[in-house]
Amino acid sequence: MTHEEKCIRPRNERTAPVKTPSQALFVRRLLRWYRRQGRSLPWRRTADPYRILVSEVMLQQTQVDRVLPKYREFLRRYPSIEALARARVGEVREVWYPLGYNVRPVRLWGIANEVVRRHEGRVPAERAALLGLKGIGPYTAGAVRAFAFRRRAAVVDTNVRRVLQRVFFGRARPDRQVWALAERLLPRHPYDFNQALMDFGALVCTARAPACARCPMASLCRSYDRFGRGPAGVRAVRAVRPERARPAAAPAPGRRAV
DNA sequence: GTCCCGATGT
DNA sequence: ACATCAGGAC
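All letters in the first sequence, in the order written, are residues -16 to 241 by the working numbering.
The structure is reproduced here in structure tokens:
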């Protein structure tokens, strides 16, 4: 057992889990980076759970730049969850175009109806209630809890998964390990931390050609070496794709780089 | 694991 | 033409 693993304590509901020194440093650096480099997005300037919910459903498998104009148009058309519930589902589908994955507007409309009918028009804040709504999975439930209700909920999307796997694991790990780490990292006020983590994955620790040269985590990142810029790396600076880092010669199962 | 969607970059 | 990309349901 390493020194850092000895620092780990079981999570308590009321108190924040103890972080290792590396984990604490990561959180501090991430929040500092976010204050300077974080994006200004419309769903970060509202406290309306309905608007947060709309943004998060739109953001499922869809990038920010494509969501931005449709987010504004959609809320102009359906300013409240009651307005969305009253609409014809076929019309909601048309408004949704061209975001894609067109089952999402149907499910969002269904969620609006469920919330109006069974939750008195209020988006639920409890994880179990959110997961009971078709169209809300682990990611969206965490996002609504953290961003709309300021709960201490982890948010693991493809960006967060990539960042944590690279920085702390150095290779692909099962989802439950990534979620457990994301929960351990959460500071007392998780809103900015979660937004920062996603911005960081979208702007610095990108899937292809990550910007290691301007990455504040380089000194504690377990993948820094892998991208050809390691401490001893006097060799050519190539931001290769991790999947390509190893030639076609049979990569070891379960050891794939992230 | 598989399917769902469409804009964008190479 | 083809890979890539802020998930979730089955």
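Note that the Cβ used here is the ideal one computed from N, Cα and C, for glycine as well.
| Asked | Found |
| --- | --- |
| Proximity of L147 and L164 at Cβ, strictly below 8 Å | yes |
| Classification of A231 by the beta-carbon crowding that lies within 10 angstroms, buried from 16 upward | Because A231 sits at a pLDDT of 32, beneath the cut-off of 50, its placement in the model cannot be relied upon, and the point is left open. |
| Cβ contact (3+ pairs, closer than 8 Å) linking the region 49 to 64 and the region 11 to 28 | yes |
| Contact under 8 Å by Cβ, C195 with R145 | no |
| Reduced DSSP category for R171 - H, G, I as helix; E, B as strand; rest coil | coil |
| Residue of E39, Y61, F151 minimising C-alpha distance to D140 | E39 |
| Selection from K117, L42, A155, W79 that minimises the alpha carbon distance to R205 | A155 |
| C-alpha gap between M181 and E77, whole angstroms | 29 Å |
| Nearest-angstrom Cα separation, counted from A129 out to L169 | 10 Å |
| Span separating the alpha-carbon of Y80 from that of D175 | 30 Å |
| Top-ranked residue by Cα proximity to F9, from G125, Y207, S202 | S202 |
| Cutoff 6 Å; reference N142; Cβ partners in own chain excluding five residues on either side | M181, G184, A185 |
| DSSP three-state assignment for Q160, whether helix, strand or coil | helix |
| Three-state secondary structure assigned by DSSP to K53 | helix |
| Distance between I35 and D243 (C-alpha atoms, nearest Å) | Here the chain has residues from -16 to 241 only, and residue 243 is not among them. |
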